[in-house]
Every structure is written in C-alpha cells, then in structure tokens.
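Colleague:
4 protein chains.
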Amino acid sequence: MKVGILGATGAVGQKFIRLLQNHPWFEICALGASERSAGKRYKQAANWVEDVPLPNHIAEMTVATCEPSAFSEVDFVFSGLDSSVATAIEGAFARAGIPVISNAKNYRMDNSVPLLVPEVNPEHIALIQSQSFTEDGSGWIVTNPNCVAVPLSLALNPLHKEFGIETVVLTTMQAVSGAGYPGVPSLDILGNVVPFISGEEPKIAPETQKLLATLNNGELDEPHFALQATATRVPSINGHMISATVKFKRTPKNINEVKEAIQSWENPIAELNLPSSPSEVIKLHEEERYPQPRLHADQEGGMQLHMGRLRMAEVFDISFVAMAHNTIRGAAGGAILNAELLYKKGILK
Amino acid sequence: MKVGILGATGAVGQKFIRLLQNHPWFEICALGASERSAGKRYKQAANWVEDVPLPNHIAEMTVATCEPSAFSEVDFVFSGLDSSVATAIEGAFARAGIPVISNAKNYRMDNSVPLLVPEVNPEHIALIQSQSFTEDGSGWIVTNPNCVAVPLSLALNPLHKEFGIETVVLTTMQAVSGAGYPGVPSLDILGNVVPFISGEEPKIAPETQKLLATLNNGELDEPHFALQATATRVPSINGHMISATVKFKRTPKNINEVKEAIQSWENPIAELNLPSSPSEVIKLHEEERYPQPRLHADQEGGMQLHMGRLRMAEVFDISFVAMAHNTIRGAAGGAILNAELLYKKGILK
Amino acid sequence: MKVGILGATGAVGQKFIRLLQNHPWFEICALGASERSAGKRYKQAANWVEDVPLPNHIAEMTVATCEPSAFSEVDFVFSGLDSSVATAIEGAFARAGIPVISNAKNYRMDNSVPLLVPEVNPEHIALIQSQSFTEDGSGWIVTNPNCVAVPLSLALNPLHKEFGIETVVLTTMQAVSGAGYPGVPSLDILGNVVPFISGEEPKIAPETQKLLATLNNGELDEPHFALQATATRVPSINGHMISATVKFKRTPKNINEVKEAIQSWENPIAELNLPSSPSEVIKLHEEERYPQPRLHADQEGGMQLHMGRLRMAEVFDISFVAMAHNTIRGAAGGAILNAELLYKKGILK
Amino acid sequence: MKVGILGATGAVGQKFIRLLQNHPWFEICALGASERSAGKRYKQAANWVEDVPLPNHIAEMTVATCEPSAFSEVDFVFSGLDSSVATAIEGAFARAGIPVISNAKNYRMDNSVPLLVPEVNPEHIALIQSQSFTEDGSGWIVTNPNCVAVPLSLALNPLHKEFGIETVVLTTMQAVSGAGYPGVPSLDILGNVVPFISGEEPKIAPETQKLLATLNNGELDEPHFALQATATRVPSINGHMISATVKFKRTPKNINEVKEAIQSWENPIAELNLPSSPSEVIKLHEEERYPQPRLHADQEGGMQLHMGRLRMAEVFDISFVAMAHNTIRGAAGGAILNAELLYKKGILK
C-alpha cells in the first residue's frame, strides 16, 4: 500500500520513516510538513536524528504541505503532527477520504475514534463504522495512545481481565526522546531529575480507561478505577519506566497467581502474525535489577513490553515496574502495528 | 571538641572531612580506616573524590586502625563505617567510653539507640540513658537514618502531626553518590534507570516509623502506617528524589490546609542556632518543575529539604515530591547536625 | 558603583546576577533585555537556571529595554548580549557615555578595544584612550575573550614569556553551558560527543594572539604563531577542557624547566587584591587523572585555571591539558574581574 | 568451525558471544574463565550487560578453566583474556596446537605475531609461519590492536599510501565501555571528562606503526613517524572519537586531493565478502556535526570507520576526526573479522 507521512520532519515522523524501511506491505510515497519545509528536499528540510542512515530515496523526496490534494496517490497516511495543527489537518484528510493512522492526541478521546493497542483492544476498530467524516466511510481516523498509556495498558490488561483494576498509583521516569527534538535542553536534564512533564499526567487515566473498555453494542463501557500519576523526566534516551502499585477488585492469593495471569494471557492478535508484532509481547523479568531502558528498550524491534519487580505490596495488592520504548512501541511503531491490524482485517484496503 | 572519623577513606568519611573544615566546635584529630590503609598518610590511603581540595593538614595525617586505643585523645567519633564491620567496631568504641555518632545502619533499629533527625525527633536523645555500653554512661551510640528516610521523615513530620499518616506509596529516584565509591558502574547507569537498589526498600518503613515515634516514659510509641516503596537509581550525582502519595487519618479540606500545616510547622531546634542548621528547613517550591537535584541539592549547605508538586490526589489524599542531598543531609551532614544537637544539649561533653 | 546588566535574562546575564550578589563594590540597579521581556518583573521574564535561589530584590525588579535612556542612573553596564544585537546596543551605550564591560564577541577584535584577561594583559587597558565613542572619553568598551581563549591564554602566557609560542595544536572538550539556554538539545549530547561547535574554532587563534600581544606606543604587536583547533562538545555541565601540544621558539631542556616557568610566573595584578581574583591563579595538578571539570571547575569561585598532564611531547615540545569554568572565568566572572581592575585603576569612576 | 571463548565472562567475552550468534561459519562450543567461574553455568558466572538477551544455550553451558585440555574439541579460540593472565594462557593454547585469535595486548608487539586489521595489512598473516609454538605449525597466535589504533590505522592507511605519514598529533575522547565492567565508576565520569587513561597512550604509536608496516622478505618494515597522543575518557557509552592533525611527507594540493585518496582507496579484502565486513569500510561524513558516537557507532554492525571534519590545517597538513565502535570494530568484532580472513585464506582449518 502507498503511504504518506504527515509531520514527516519531526521526531515521530523520522521514526515512521525509519521503521517503514523494508516494510513488507507499506511504501512511503509522500511526505508532508509545515509551510517552512514544503518544497524542500527532505534531507534539507529535516534534521535527521536517527542512529541509522537516512535512506537515499527518502532524502531526495520533495516535502509537500499537509493538504489532501498533495496526497492523492496514497492509500492512507500516518500522522506524527503536532497537536497544535492535528485537529484541522487530520480532519481534512479524513473528510477527503484518506484514512489517518495518528499518533497525535487530538482525536484520542473522541467517542467514535478507536484508541488502539492491538494486543489490548483490537475489537475497538469496530468504532470506525460510527465515524462520519465521509458518507461512504472511506475516510476515518484511528489513534494510538500516549507513550505512558501504551505500556501501562499492556501491563494492566491481563491483570484487569483476571482481577479487575480498582486503584493505581504510579510514578513515571521518562526518557528525553519523549519530548521530541530539540525537546529537553541538556542543561535541564544532565545529571538531574525534573519532577514534572507538562500535560502528561492528565492523559494517563482517561486513555488507559478507554483502552481497557468493553465494547457493548457499539458503545464503550469503561472501567472507572482511580489512578494517581506523577510524571518525571530523567536522563535516559529511550524507554519510559513506570513504577506502579495496584489494588484489584479481587485480591490475588499470592504473587504466583499474578504471574500466572500474565503468563497465561493470550495475545488476541497472535495468529495474525503482523510484521511489527513482537514474538513475545510481555517479557516478565525475574532479575530484580531488570528491566532497564538502555538494555531492553530496543529488544524485539522496540515493540516489547518489559515488566519486572513484580511483588505483593504492603499497600494495595501488588507493585511492579513496566517499561517500553516510548517512540517505537509508544508512538510510531504502535501506529504502524495499528495499520497492520487494520490492513489484515480488511479495513485498510 | 576533638573528633575522630571511623571509615575515613570512604565516601562518607570524605564527606565528614569536607564538612568539618572550619567547623566552629569540632576539630578532626584522628582518622581510622581498614588494615589496608592503616599506617599510610591520608592522601595516599584515600582516593579523594570531593570537588574541593583535600585540606593539607588532613592529607598529611597518618591513618590508624579502627581501635579505641588509637583514638584516646578524641572526645567522640563520627562513623562512616561499612555495615559489614560497624557492629563490632562501633560497639567497641562505645564500650571504651567513646561516644559514636554513626551513619551506619547497624544500630539504627536498636531500642535504646536514638535514630535521630534533630528537627523531627530531638527528644529521642533521652534514649541514650538506657544504653549499657559503659557503667558510667560515658560511651554510647546515636545514629542517623538511611538517606531516603531522612527526607521522607522531614516531609511527613509536619503532616503527621496535623493529619496523621495512614498509608504511603512512594517511588525514589536516587543519585549515584548514594552507592559510595567506586559504587555504581558507569555502564549500568549512563542514560539508564535501574529499578532496584539492594537492601534499600526494607529500611524505609521501619526507620521512618521510628523517627515519627512518640517517646512515652522512656519507650518509643511508633505509628504503624503502611508504606510501599520502590527504590530506583537514576543518573544524577547528588540528591535523592521521592515521589509520594499519602493517605491521612484526617482528610485535609484542600491543598491550602496542607500547605498551611507545612508552613506553620515550628522547627523544635530553631532557637539552638546549630552551625549546620539550614535557615529554612523545608523549602516548599511552587514551580511545578522544581525541586531538581542538580539545582537544589546543594542549597543551604545541602541541609535543606525540598518539597514540590504538592497537590490533592485522585487516590488517597495528597501527592508530592521531596528531595534532599543524600550524602550531606542524608548522611554525613545529618550526623554532624546530630553531634551539634548533642553538644548543645550537654550530652557530648 | 551602580551597575546595569544588558541581556539580563540570558544564561550569561543570570551568571552576572548570581556573581554580583554581595559584591563589595558593585550593586545591580537596572536590568535590560529584549522587547519581549521589557516591562515584566525579572522573575517572570527569566527562566532562572542557576543552582542558587534567585535573590528576591532582583526577582521583583522590572526589566527595561536595552536603551541608554533606561540606564541613566548606572555608572556602567555589563553586557551579556547576544552577538546579533551587541554591535548596535553596546555602541549606543558607549556613545551615551556609559562604559560597557562586555562578554559579547562583537568588539573583541576592534583595534581600540581591549580584549582583557587581567592576569595576562592588564596594560592593554591603555587602549581605551584611543576609543572615540564620546568626545570626553566617558563612554568606552572593554571585552573579555571567548571561553576557550581565556583558559588558553592563561596557560600559554607564562610559557610564551619564557619560551616563545611557535605552534599550537589543540582539541577542546566543551561543556553544554557554553551554548547558553536552551542551548544544546539533550538528544544531541546525552552519551555522545559532537565534533563541531559552530563559529568556535575561528575565534581561538586571533583572540589568543591579541591577548598575548605587547603594547608598543599604543599599538598592539601580536605574536604570529600557528594554531590549529578542533572544538568538540561533550556531556559535561561546566568547565571547558583543552588538550594542547605546543612548539616553542626555544626548546625547554626538560619538563622541570617548563614547570618552573609556570610556577615562577608572577601575577601582575596580585597586589591589587581584586575581590574576584583567585588566591592561586594557575593550579598545576600533578595527579594524571586531574584536572576534571566536575571536581575542579568551581574551585576558587570558578576563577582558577587548572593545568595538568604537563609532559614533554614526541611532537613539538610539550603537551598539557587546561581547564577553567566556561561561564565564570570564561564569561561573566571574567567580565567582573575586568571591571574590578578598571575600578581599582581609576578608569571606572 | 567449533570455537572456544577464553575470558568468556568479561565484557569482551560477552561481546564475542553476542556477535557470534547466528554466525555462518563459527559455533561456540566451549567457554573458559577464571577459577572463580569455572564449574558454574554461564548465566550464573557472568553478569550479562549486553542489550540483547543472553542466548539460552549459552546461558546453560558450563564454564571451564582456561586450560587447553578443556578445549580439546574446538578448532580455535577467541581470547578476551585480561592482560595479567594472557601471556601464559594464550601461549599454552598455542603450544597445545590450538590457534588463538586474541584481543589481549600481550603478544601484539611480538615480531612473529600478526597485529591484524584485515583492511589495512592482510598480508601480515604470513608472519604466522615464523611462529614456533608447535613444530607442525598447528598452534599460533594472531592479535588485533588497541581500540584506538584500530580506527586510527583504518583512517591513516589510505592517506599513508598516498602521501606518507610524517607526524600525528591526536586527542581521543573514549567511551566508558572501553574500560570493561565494572570499569569506570559513575561518580568519576557523569558530567565529567577525565584527561587520562592508564596505559593507553603508549600503545598507540607502536601499534599503528606496526599496522602500517610493509612486509619485506618476511620482515616488517615500519614507518617511523612521530605521534603525540592524549587519551581522555568522556561520558559516552560506545565509540571512541579521535581528533587528529597530520603532517605528510608529500603535502596535498587541497582537501579534494585528500578526499580523493580516501574515496579511491581499494579495500584489499573486498572480494572475500567476509560475513563481518561492512559494505562501506570508511564512511566520510560531510556534515560538520558528524560523526557522533551515539548516532554512528552501531552502523554496519559496528564495523564501520567514520571520518569527518576533514579539512586543511593551519598546522601540518590536515585535521580530521575518526570514530569507530570500540568494543566491536575495536575489539571482539575486529577479532572475528580476523578469524574470518584466516578461515577464508585456509589458515584456520
């Protein structure tokens, strides 16, 4: 399928380009960015910050403005747009009949837009039918969650199914790549911890609740657990770490019952063999010093969820840490997995 | 007063030497370390890692073994000993009639040994009378808490007095200096987060409860709140950050009542004007991005407690972050403040 | 004396404010910044990044635009202006009869403007007489050098006097604070080395040659040695490290003769006892692992030059490393020392 | 071929294990380490620090002592031994008829031992014939150079062939992985630069001269250029950066002639298509901010040499920076490439 990238020069856009190299199904045919970049070759418009070379054929592509007319030949677009412009542009593409697989936050909480993590809530793709961007249903939007809600929902999902989430207290230790480029000034973070990330904490509860919702007669039925989050920035490069303590509706007898719930969880999309799926979705580390962002974030193509420190807790029921690559599993890679699911299911066509 | 340092070549020992430079009351007269260092000049025995020059007269002092006979001229000793040897050596000094102000963990939970933070529980020094190291009471031990329990108790103390602590969930982000020297290998922590610190988590609840205990008829009456801690290591140099969510026995009406409890708290040792006391014990930051280890850990000589992000929580009552310099307020500086209190109260004499 | 700060909200401006706290001679009375900041209180206009608290009376001062009319009450100004505006603004202040002690590069290579490091070329202040900003000589400009030329000239000065510099090959490892705030993105420098700093290398040779020039009949007679520099950025916070290999006109017999030249060098301003002077201008480290930015950059108030690794070389004559705090000795602190010299000499009055 | 690893639990040993996973020609059959590890399963003996999972079949292998009798089934061994034991152990293996491909420094400067970088001096493998470890020639030793000499020789080789090296002045900025594990304490290097690496500088000139030597009638004819090196440690993880200024016997007309010499250089082993060969041996970056360790060290499997900042110099002829992955190209990966060359040439059989 022919693919366009909106916001192609930004950090998420660059990650889309990197991850789509040699993709078996999707080929990049158009790149969109702001007026300032439009008309330039990509290599001149973008400050490439990935640690693999910029592919030559992408380097020489001319960047377009983010208007549907410039993307007439694509089958769908990935959006890495900034939230300040995503509402208008993504809406315009959907209305023009071009499906949008978006990493932006703007449509995430819209009732008719799936907020999708394929291993967590694949059935939510049915919501697309209720979208009204076009009369014939050809244009629609699917989103992926915030880079904390992704690993959190992957970790909570098997536990919620078995025990029912009642309360969550968490602290995040987030990598600098989460702020894009130029992002976090080095003077702010070298040898430091910043105990606040603007706009981050309020997204975590509602997105996680929407992800764990049940779809009943076309309506989402969300679990209403309490969640208290503190989001901090630390000097790691990739991989957001979450330290969580959780209370369940049904208390596990012991930690083995909790491990059993995680290990016996069945990945609902396993049999689809999607190209970006990790072979093992949840890696549960037994070594107390693991997982670590620098050692584990890139494993299985950056698409694996890493859990560790799983133990019964003095307060509530259990504590654990969870970690995933924030710009792959938590952003561009998650969006690509969404597109792969939608393609395999015949919705992208 | 003439002072000896036990464990003088280690990271805590070096910090004692640094902080006692130009101290108005205490003068270093003897340095003790392991057999390997004994007999050498201090500058040859120690790998000085402080960012101020090693004072010349200390550099030329000869290091002794940690035996009371080598410390006959001192009035008391500070101990920065490793826990593998502290039980025997500190006990021997106390039995020899030499008071020990210790940073080691070994005697912290002993019923007759004060675990002391002068602004939190100065009255606990009365426990010294129940010690039996010597018949005449000339030898005794006072300890300071773990480097997490120090800032935690300073932060919880005014809140406990006003609202009563019932439950605490916390995650720490701890600086590498907490592991001493050589301590954390750079390959483990550069651009990384390690979600475990050996032996750290189990100390936090009991030490904090002992610190907040009431002394009734010579016995400690401890509050028995539940506390769940996850201790992580991050690539900061000095300053342990704590992210905490707390439930009280009495729920505050709003965040202002909580701020009021902190701001109206009266430092019980304020009028003593101890040399190492910060002018403002608790600095409550209003800027959401503060406190930060690199910006604030060294303020007020590294003896200040920094709080921030204070807010009502979705779970329990409130959330906040607290941070203090781990090797000054949380170790050597805290021990020196303890000695200053004991001197002013006439117990060190 | 009453002092104004131009560019007061930037990184260098903040350092001026910090260093002038409790200065015995100079008091800050006016703060100037861009249109965007003008009219605001300083605490609202500036993103304070220093690791000491912003002084209250500065926090409440109203920021003015950088026009001489807004600075009528000051005796002189320090300039931390960006080079894009410094030519016009500094010139306007000088023409208005307000002396300018500038850290900007714009006037550094002007024949009538002293490029001043007080311990290196104090006699260059005589150049002020040849300036023509005002008829009565009341307005003039004095500059301090680039943050690499400062430590380089301090290190080369005693060697040049004894042996004559003929050739220098150097590589710098520069701290992130040299790029100001927000400056270097953390994604560019965490765990990395960037082998280029825009505009840095071409300043080093001409500024160092001007600093080492002899003043003959009011004209500078510059030494014309060859210098090849590679400037790199590394993930340190403060303190630029220089690795240099040098050929002299007269080859030293051995390394002791070189050390002797450094140790017997007499600081020409020693007897002035300027408040910002370090007690020991050049600290020559014997330990091979020293100097280090994190351990030594802040010593003696950040005004000391640190040399180390001094040895005879296989190529040319000697190799050494030199390091100084780039935003104190290499910027704001150097400018303040310049002002102190000019005040003591009766030129600032 | 069946392969053993000596020093299998150390940092270099772990890298051998990682890089030999899925190798088309070599299979690991035996692991050797110190007495302390011998008899344990590898997963218990080693503290695995690689950022890919430890392969299961390796994890379960039993570690042997480093004696030839325990390696009777292997065709040859890779050695990542510490230099304190490598002389005796490697010699014993060679005498036992087991070829040794070593990363240790001990035999590097032996006249009959090839110090080998396949793209630089493949013809040096003929030296093996002059070794006398065994009568039948079945046991011998081949070494790879120090992790600075590797990228330096790769960069200088085409220049030496065209212009003749006369003098080199260089400064290195070396990554922490070069010191192994636990290696550099984080307190020494976080936010810091250490201007000395013990034992590093003296290796660079002799190893580089041996690598660039011509083999005449079985004797090495070494170029005798002067080289002055300063080796520093910086807080990067992988990738040693070299900043070099070079004088040639024949001065290039301009920088294009230098580029031409690099670009027209022919890789003497290109046609062998060795599995670990990079497709492009020397990547010459045109962007001034490149190469960077974090962005480029892993490219082409960590086996590529990256050059940049190539320019005519004020002193000597040219300056440039060169960078390569220190533990892959500069250690284990280089040794594996050596083995591949020796296998393809029929010497390993």
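Chains as they are written, first to last, in numbering that gives the first Met the number 0: chain A, 0 to 348; chain B, 0 to 348; chain C, 0 to 348; chain D, 0 to 348.
Where a beta carbon is used, it is the ideal one built from N, C-alpha and C, also for glycine.
Fair warning: this is a prediction, and the values are worked out from it, not measured in the lab.
Consider the Cβ of F247 of chain C: report whether some Cβ of chain D lies at a distance smaller than 8 Å.
Modeller: By this cut-off, F247 of chain C is not an interface position.
Colleague: Using the C-alpha atoms, what's the distance from G333 of chain C back to I327 of chain C?
Modeller: Between I327 of chain C and G333 of chain C, the C-alpha separation is close to 6 Å.
Colleague: Please list the partners that Q298 of chain C has in chain B, where partner means a Cβ-to-Cβ separation under 8 Å.
Modeller: Result: D50, V51, P52.
Colleague: Taking Cβ to Cβ, would you say S111 of chain D is nearer than 8 Å to S78 of chain D?
Modeller: No; because the gap between Cβ atoms is not below 8 Å, this pair is not in contact.
Colleague: From the beta carbon of L186 of chain C, is the nearest beta carbon of chain A less than 8 Å away?
Modeller: So yes, L186 of chain C belongs to the interface.
Colleague: CA-CA distance, M172 of chain B and K42 of chain B?
Modeller: In a straight line, the C-alpha of M172 of chain B is about 33 Å away from that of K42 of chain B.
Colleague: Label V51 of chain D either buried or exposed according to how many other C-beta atoms from any shown protein chain fall within 10 Å of its C-beta, with 16 as the threshold for buried.
Modeller: V51 of chain D comes out exposed.
Colleague: Pull the bridge partners of H239 of chain A from the DSSP assignment, please.
Modeller: Paired residues: A:A323.
Colleague: Once the 5 residues before and after S36 of chain C are set aside, which same chain residues still bring their CB inside 7 Å of it?
Modeller: T8, A44, V62, listed in sequence order.
Colleague: If I measure Cβ to Cβ from S82 of chain A and keep anything under 8 Å in the same chain, skipping five residues before and after, which residues do I get?
Modeller: The answer, listed in chain order, is A103, K104, N105.
Colleague: Using a Cβ-Cβ cutoff of 9 Å, what residues of the stretch 174 to 200 of chain A are near chain C? List them in chain order.
Modeller: Of all residues in the stretch 174 to 200 of chain A, V175, S176, A178, G179, Y180, P181, G182, V183, P184, S185, L186, D187, I188, L189, G190 have a Cβ within less than 9 Å of some Cβ in chain C.
Colleague: With DSSP as the reference, please indicate the residues paired to H305 of chain D in a beta bridge.
Modeller: Per DSSP, D:K282, D:M322.
Colleague: If we ignore side chains and look at the alpha-carbon of each, how far apart do G345 of chain A and Q130 of chain A end up?
Modeller: The straight-line gap from Cα to Cα measures roughly 17 Å.
Colleague: Do L340 of chain C and L273 of chain C have their C-beta atoms within less than 8 Å of each other?
Modeller: The answer is yes: Cβ separation under 8 Å.
Colleague: Compare the C-beta of R293 of chain C with all C-beta atoms of chain B and state if any pair is closer than 8 Å.
Modeller: At least one chain B Cβ lies under 8 Å of R293 of chain C.
Colleague: Counting C-beta neighbours from all protein chains within 10 Å, is the total for N337 of chain B 16 or more, i.e. buried, or is it exposed?
Modeller: Counting Cβ neighbours within 10 Å, N337 of chain B comes out buried, since at least 16 surround it.
Colleague: Give the secondary structure of T133 of chain A by DSSP, where H, G and I count as helix, E and B as strand, and everything else as coil.
Modeller: Here T133 of chain A sits in coil by DSSP.
Colleague: Do you know how far the Cα of G300 of chain B is from the Cα of P23 of chain B?
Modeller: Cα to Cα, P23 of chain B sits roughly 15 Å from G300 of chain B.
Colleague: If the criterion is Cβ atoms closer than 8 Å, does the pair S59 of chain A and R40 of chain A meet it?
Modeller: Reading off the sequence shown, one finds Glu at residue 59 of chain A, where the question assumed Ser. Yes.
Colleague: Please name the residue or residues paired with R40 of chain D in a DSSP beta bridge.
Modeller: Paired residue(s): D:T61.
Colleague: Just tell me which of A:G96, A:G6, A:I281 has its CA closest to the CA of K258 of chain A.
Modeller: For K258 of chain A, the nearest C-alpha among the options comes from A:I281.
Colleague: In angstroms with no decimal places, state the Cα-to-Cα distance between V73 of chain D and L347 of chain D.
Modeller: Spanning the two alpha carbons is a distance of roughly 12 Å.
Colleague: For G90 of chain A and F132 of chain A, I'd like the C-alpha separation in whole angstroms.
Modeller: Each residue's alpha carbon lies about 7 Å from the other.
Colleague: Does the beta-carbon distance from N237 of chain B to A296 of chain B come in below 8 Å?
Modeller: Yes.
Colleague: Assess, as a yes-or-no matter, whether the stretch 159 to 171 of chain A is touched by the stretch 161 to 179 of chain C under the definition of 3 or more beta carbon pairs within less than 8 Å.
Modeller: Touching, no.
Colleague: Contact check, A330 of chain A vs P150 of chain A under 8 Å by CB: the rounded distance?
Modeller: Not confirmed; about 12 Å, so no contact.
Colleague: Could you give the DSSP three-state label for F77 of chain D: helix, strand or coil?
Modeller: Of the three classes helix, strand and coil, the one that applies to F77 of chain D here is strand, per DSSP.
Colleague: If you measure from the beta carbon of P150 of chain A to each beta carbon in chain C, is any gap under 8 Å?
Modeller: Not one chain C Cβ lies under 8 Å of P150 of chain A.
Colleague: Let me know if E199 of chain A comes out buried or exposed under the rule of 16 or more other beta-carbons within 10 Å of its beta-carbon.
Modeller: E199 of chain A should be labelled buried.
Colleague: For chain D, find out if any of its Cβ atoms is closer than 8 Å to the Cβ of I317 of chain B; answer yes or no.
Modeller: No, I317 of chain B lies away from the interface with chain D (no Cβ there is under 8 Å from its Cβ).
Colleague: Do R293 of chain C and S235 of chain C have their C-beta atoms within less than 8 Å of each other?
Modeller: Yes.
Colleague: Measuring only between beta-carbons, confirm whether I236 of chain B sits less than 8 Å from chain D.
Modeller: Chain D contact via Cβ: present.
Colleague: With distance defined between alpha-carbon atoms, name the residue in A:E313, A:A29, A:E122, A:V11 nearest to L214 of chain A.
Modeller: Cα-wise, what sits closest to L214 of chain A is A:E122.
Colleague: Along the chain, where does the beta strand (DSSP E) containing E165 of chain A start, and where does it finish?
Modeller: It spans 164 to 173 - the beta strand (DSSP E) in which E165 of chain A sits, taken as one unbroken run.
Colleague: Any idea what DSSP makes of V257 of chain D, helix, strand or coil?
Modeller: In this structure, V257 of chain D counts as helix in the three-state DSSP scheme.
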